[in-house]
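Single-structure report; data block below.
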Amino acid sequence: MAINFCPRCGSKISAGAKFCGTCGSPLQQTSNQPSQAYSPQATPTSTGGQVASATSAATTAATKSPLTWVIVAVVAVVAVGAGWFFFFNNDITGTWVAEESGTTVEAVFDQGGTGTMTLYDAGKPTDNVDFTYEMNDGYLLIQTKTTLYKFGRTVRVPCEIHGNTMIWDPDGDNVTFTRQ
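Read in this note's numbering, the sequence shown has 143 at position 95, and its numbers run on one by one without any break.
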């Protein structure tokens, strides 16, 4: 018994089969001629073109795949960086004002890590202090400059910044400043 091959895909087929078991292609058999044996030249050109095209597409997909992952990774890093900047940015430079019971505190934070805090009572300045500051792990570290002490006094205040609102929590009492 001769082994026959499908003229479309080249798979082995049993003698007398009407359809290829692999690709489903109908098989034509005449009683005068035995089924054709598979030969490389009997393979239609379109099949070879399709195989070459599929191989080319797989190669192109494999080539684009690392590039796609690199682009996705870069976009993810930029998105995380932008999110960190907008939600966790601790830039407090500028003028901040807090008002409570007729008393106003104005804190001016300069870019160089220095600042001035002025206390107003009924609109008149009553006290003023210069300081250095640093934001660190959710705390505002303020070191006052005085003439009595060489290093002044350091205060560590829990501080949250939400856009134009800064909340200090010294001794459990929230003080809310707004950026001016």
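C-beta atoms are modelled at their ideal positions from N, C-alpha and C, and glycine is treated no differently.
All values derive from a computational prediction rather than experimental measurement.
**Opposing strand residues paired with residue 52 [DSSP bridges]** = 61
**Prompt:** When we look at the beta-carbon of residue 263 and count the other beta-carbons within 10 Å, is it buried (16 or more) or exposed?
**Reply:** Here the chain has residues from 49 to 228 only, and residue 263 is not among them.
**Item:** Given residue 202 as reference, the closest of 152, 178, 76, 68 once Cα atoms are compared
**Value:** 178
**Asked** Is residue 167 closer than 9 Å to residue 180 when the C-beta atoms are compared?
**Response** no
**Prompt:** Which of the three DSSP states, helix, strand or coil, is assigned to residue 167?
**Reply:** The answer is strand: DSSP assigns residue 167 an E or B state.
**Item:** Residue environment, residue 67, which counts as buried when at least 16 other CB atoms sit within 10 Å
**Value:** Burial call: exposed.
**Item:** Between the CA atoms of residue 55 and residue 65 - distance to the nearest angstrom
**Value:** 13 Å
**Closest Cα partner of residue 219 within the set 226, 227, 207, 213** = 207
**Asked** How would you call residue 144, buried or exposed, if buried means at least 16 neighbouring beta carbons within 10 angstroms?
**Response** Buried.
**Item:** heavy atom of the ligand FAD below 8 Å from residue 126 C-beta
**Value:** Looking at this structure, you won't find the ligand FAD or any other ligand, since it has none at all.
**Message:** Starting from residue 75, trace the beta strand (DSSP E) in both directions and tell me its first and last residue.
**Reply:** Looking at the DSSP string, residue 75 is not in any beta strand (DSSP E), and its letter there is neither H nor E.
**Message:** Does residue 192 come out as helix, strand or coil in the three-state DSSP assignment?
**Reply:** strand
**Request:** Out of 127, 176, 188, 192, point me to the one whose CA is closest to residue 214's CA.
**Result:** 188
**Prompt:** Apart from the five residues on each side of it in sequence, which residues of its chain come closer than 8 Å, Cβ to Cβ, to residue 159?
**Reply:** Leaving aside the five residues that flank residue 159 on each side, the residues in its chain whose CB is nearer than 8 Å to its CB run, in chain order, 141.
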